[in-house]
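Asker: Using the UniProt record's numbering, you'd call the opening residue of the sequence shown number 1 and step up by one each time.
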Amino acid sequence: MAASPAASSRRSAASSSASLKHSDDHQPKSPTISADTLVNHLLVAKRSLSSMNHVLRANELATSARHSHEEMLLLAAQTAFVRNYLRDQNAILVRIRRSLQATYEWGKRDFKKLIKAMDEVDGALTGTMDMLRDTHVQTLLQPNDGERKNLLDFVDESSVHGMREVMKKSIQDLQNIQQSFDGDLLRLETDIRNLGQRINESYPQKPGDDVHLTPMVLLQSLDDHSSTMAQLLASLTKHFDMCVTAIRTTEGAAALARRKAAEVTQSQSSDGVSISGVIAEQESHMSDLEPKTAEDRAEMLKVVVQDADEVEDVVREIQERLAAMEQEYTSLQEHVDHSKESYFGIISAFALIGQIGDRIDDYVAAEEDFRLRWELEKEAVFGKVREMNEMRDFYEGYASAYGSLVLEVERRRAVDERVQGIWRKAQDSVDKILEADRVSREAFRQDVGEYLPADLWAGMQGPAQKWTVVRINDDDSVAASMVGRPDSGQGSRMASTPRPSAD
Numbered sequence: 001m002a003a004s005p006a007a008s009s010r011r012s013a014a015s016s017s018a019s020l021k022h023s024d025d026h027q028p029k030s031p032t033i034s035a036d037t038l039v040n041h042l043l044v045a046k047r048s049l050s051s052m053n054h055v056l057r058a059n060e061l062a063t064s065a066r067h068s069h070e071e072m073l074l075l076a077a078q079t080a081f082v083r084n085y086l087r088d089q090n091a092i093l094v095r096i097r098r099s100l101q102a103t104y105e106w107g108k109r110d111f112k113k114l115i116k117a118m119d120e121v122d123g124a125l126t127g128t129m130d131m132l133r134d135t136h137v138q139t140l141l142q143p144n145d146g147e148r149k150n151l152l153d154f155v156d157e158s159s160v161h162g163m164r165e166v167m168k169k170s171i172q173d174l175q176n177i178q179q180s181f182d183g184d185l186l187r188l189e190t191d192i193r194n195l196g197q198r199i200n201e202s203y204p205q206k207p208g209d210d211v212h213l214t215p216m217v218l219l220q221s222l223d224d225h226s227s228t229m230a231q232l233l234a235s236l237t238k239h240f241d242m243c244v245t246a247i248r249t250t251e252g253a254a255a256l257a258r259r260k261a262a263e264v265t266q267s268q269s270s271d272g273v274s275i276s277g278v279i280a281e282q283e284s285h286m287s288d289l290e291p292k293t294a295e296d297r298a299e300m301l302k303v304v305v306q307d308a309d310e311v312e313d314v315v316r317e318i319q320e321r322l323a324a325m326e327q328e329y330t331s332l333q334e335h336v337d338h339s340k341e342s343y344f345g346i347i348s349a350f351a352l353i354g355q356i357g358d359r360i361d362d363y364v365a366a367e368e369d370f371r372l373r374w375e376l377e378k379e380a381v382f383g384k385v386r387e388m389n390e391m392r393d394f395y396e397g398y399a400s401a402y403g404s405l406v407l408e409v410e411r412r413r414a415v416d417e418r419v420q421g422i423w424r425k426a427q428d429s430v431d432k433i434l435e436a437d438r439v440s441r442e443a444f445r446q447d448v449g450e451y452l453p454a455d456l457w458a459g460m461q462g463p464a465q466k467w468t469v470v471r472i473n474d475d476d477s478v479a480a481s482m483v484g485r486p487d488s489g490q491g492s493r494m495a496s497t498p499r500p501s502a503d
């Protein structure tokens with residue numbers, strides 16, 4: 001018996017042909033085979049039919065494999081469809097992230113510009129304040145102060161410190177706006193990363209042991225094994241039928257076969273095949289294997305003997321093929337399991353994209369809110385920068401005015417000196433006139449004084465008036481305004497003090 005019915009048929013045909021040729025040439029007698037030998041072959045053939053369970057299992061595996069393969073194809077199609085959809089959604093999320101990232105980078109660049117502008121104006125203001133601190137007030141402006149002061153002593157620095165605190169708060173507010181937007185961007189990146197990870201995890205992983213075998217190859221192999229095992233079982237069945245025919249056509253063999261079959265049945269569990277039943281069935285119905293001539297019977301016996309030697313090999317091959325099918329079916333199930341894992345993984349990713357979709361409006365709104373808050377705070381910062389520039393310009397003007405003040409003090413001092421010089425010259429002239437007046441008065445008194453009565457003119461004996469020039473302060477401005485009036489008798493801004501003459 002060959003490994004397949006085709007081989008068995010070829011051997012049977014060859015054996016029959018050789019037997020017929022030998023019969024034509026030499027007319028040999030039919031081979032003599034004992035009934036015990038035929039019965040033993042029959043019992044072995046009967047036991048081999050238990051391989052039917054293996055064939056049934058093989059058919060079950062092949063059928064289940066086809067169903068599993070169909071399920072896997074359906075899952076793969078659904079998984080691929082959802083995966084393509086998720087890739088499109090992921091691409092949209094990436095574009096949104098790029099927009100948010102560009103806005104965030106713009107904010108960082110703008111923040112650096114703002115910090116640079118604030119540092120520049122603060123540095124300029126600090127330089128101006130240092131210049132005021134290093135500029136000492138000249139002694140002629142503060143002659144009575146023991147400690148020499150500088151220009152900064154006359155400035156309220158609290159306004160500068162308050163402005164700097166406001167600028168620091170603005171910087172903190174800008175950083176808080178950045179951190180808030182950075183948190184939104186980080187959450188979006190986390191969502192994209194998680195979605196990409198789940199999409200990647202949804203790709204099927206090849207089983208480790210049978211990575212070279214695709215599901216289709218495994219399915220075809222299972223079908224081939226199942227078909228071959230069915231053919232091998234058919235050859236075993238045919239061999240069994242031929243053994244029954246040989247027993248039935250051999251005198252005394254049928255009774256011996258029934259007796260031994262009964263003994264085997266008592267000692268072992270029944271395999272479901274009744275030799276007596278098969279013999280009775282063949283006796284009631286003419287079998288196709290029924291020999292017509294002695295030559296046919298001889299050929300049949302020859303085939304029975306030859307195939308009997310191969311029964312064990314065929315049974316072993318069926319077992320080996322079933323074992324291979326079990327292994328291949330396990331490999332196919334691993335592919336199916338991976339397909340299911342991919343499907344459930346992509347469904348999980350699909351659920352995640354739904355959650356991300358609920359947050360996408362928040363991400364877009366966060367970008368708009370960031371720009372709005374940033375522009376408002378930036379405008380406030382620029383306002384503070386302008387105020388600091390104005391403050392610096394004021395202090396620069398203060399320093400410049402101090403220089404003008406020094407020049408003005410020098411000019412006024414020069415005017416005072418000129419006025420004092422003029423008044424000194426005038427005082428000298430007045431003193432000379434008064435001295436001449438005194439001499440004239442004395443000469444007048446010597447000449448006519450003794451002749452004139454004292455009460456004739458009240459001023460005849462009075463001293464000559466003396467004139468002095470005094471500086472008028474702001475408090476004396478009212479008194480000074482009286483000088484030079486018509487009723488005052490004086491036309492100059494000089495205070496006259498009558499003094500008695502030396503004589």
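All C-beta atoms, glycine included, are put in the ideal place defined by N, C-alpha and C.
Compare the Cα-Cα distances from His136 to each of Thr128, Glu147, Leu151 and report the closest residue.
Answerer: Out of Thr128, Glu147, Leu151, Leu151 has the C-alpha closest to the C-alpha of His136.
Asker: Pick out whichever of Glu442, Ile422, Asp393, Gln465 has its Cα sitting closest to the Cα of Val121.
Answerer: Val121 has its Cα closest to that of Asp393, out of Glu442, Ile422, Asp393, Gln465.
Asker: Does the stretch 310-320 come close enough to the stretch 164-177 that 3 or more CB-CB pairs lie under 8 Å?
Answerer: No contact exists between the stretch 164-177 and the stretch 310-320.
Asker: When every heavy atom of the ligand SAM is checked, does at least one fall within less than 7 Å of the C-beta of Arg386?
Answerer: For the ligand SAM, the structure offers nothing, since it holds no ligand at all.
Asker: Taking C-beta to C-beta, are Leu218 and Ser64 nearer than 8 Å?
Answerer: For Leu218 and Ser64, no; Cβs fall outside 8 Å.
Asker: Can you tell me whether Ile346 is buried or exposed, with buried defined as 16 or more other CB within 10 angstroms of its CB?
Answerer: The residue is buried, with at least 16 neighbouring Cβ atoms inside 10 Å.
Asker: Does the beta-carbon of Lys169 have 16 or more other beta-carbons within 10 angstroms, so that it is buried, or is it exposed?
Answerer: Exposed.
Asker: Taking the straight line between their C-alpha atoms, what separation do you get for Val469 and Gln446?
Answerer: Using only the alpha carbons, I get a separation of about 32 Å.
Asker: In this structure, does DSSP put Trp457 in helix, strand or coil?
Answerer: Three-state DSSP puts Trp457 in coil, outside helix and strand.
Asker: Buried or exposed: which applies to Gly123, given that a residue is buried once 16 or more other Cβ atoms fall within 10 Å of its Cβ?
Answerer: Gly123 comes out exposed.
Asker: So, helix, strand or coil for Lys113, using DSSP?
Answerer: Helix.
Asker: Just tell me which of Trp423, Glu326, Leu452 has its CA closest to the CA of Val55.
Answerer: The residue with the shortest Cα to Cα distance from Val55 is Glu326.
Asker: When DSSP builds the beta bridges, which residues end up paired with Asn150?
Answerer: Asn150 is bridged to His136.
Asker: Tyr395: buried (16+ other C-beta within 10 angstroms of its C-beta) or exposed?
Answerer: By the neighbour-count rule (16 or more Cβ atoms within 10 Å), Tyr395 is buried.
Asker: Candidates Thr139, Val44, Val155: which alpha carbon is nearest Arg148's?
Answerer: The residue with the shortest Cα to Cα distance from Arg148 is Thr139.
Asker: Could you tell me whether the stretch 374-393 touches the stretch 232-241, using the rule of 3 or more Cβ pairs below 8 Å?
Answerer: Output reads no: the stretch 232-241 does not touch the stretch 374-393.
Asker: At which residues does the alpha helix (DSSP H) containing Ile353 begin and terminate?
Answerer: Unbroken alpha helix (DSSP H) run through Ile353: 311-448.
Asker: In whole angstroms, what is the alpha-carbon distance linking Pro457 and Glu408?
Answerer: Residue identity differs from the one stated: residue 457 is Trp in this sequence, not Pro. Using only the alpha carbons, I get a separation of about 53 Å.
Asker: By how many angstroms is the C-alpha of Val82 removed from the C-alpha of Met118?
Answerer: Spanning the two alpha carbons is a distance of roughly 53 Å.
Asker: Output the boundary residues of the alpha helix (DSSP H) element that contains Gln197.
Answerer: Looking at the DSSP string, the run of the alpha helix (DSSP H) that includes Gln197 is 158-201.
Asker: Between the Cα of Tyr398 and the Cα atoms of Ala351, Leu125, Gly183, which residue gives the shortest distance?
Answerer: Tyr398 has its Cα closest to that of Leu125, out of Ala351, Leu125, Gly183.
Asker: Measuring only the C-alpha atoms, how far is Gly222 from Ala58?
Answerer: Note on identity: in this sequence residue 222 is Leu, with Gly being the wrong assignment. Straight-line Cα distance between these residues: approximately 8 Å.
Asker: Give the range of the alpha helix (DSSP H) segment to which Asn144 is assigned.
Answerer: Per DSSP, Asn144 belongs to no alpha helix (DSSP H) and is neither H nor E.
Asker: What distance in whole Å lies between the Cβ atoms of Ala35 and Thr250, which are believed to be in contact at a cut-off of 8 Å?
Answerer: About 6 Å separates the two Cβ atoms, so the contact holds.
Asker: Answer yes if the stretch 343-360 comes into contact with the stretch 71-85, meaning at least three C-beta pairs across the two stretches below 8 Å, and no otherwise.
Answerer: Short answer: they touch.
Asker: Check each candidate in Gln142, Val314, Glu328 and name the one with the smallest Cα separation from Leu405.
Answerer: Of the candidates Gln142, Val314, Glu328, the one whose C-alpha sits nearest the C-alpha of Leu405 is Gln142.
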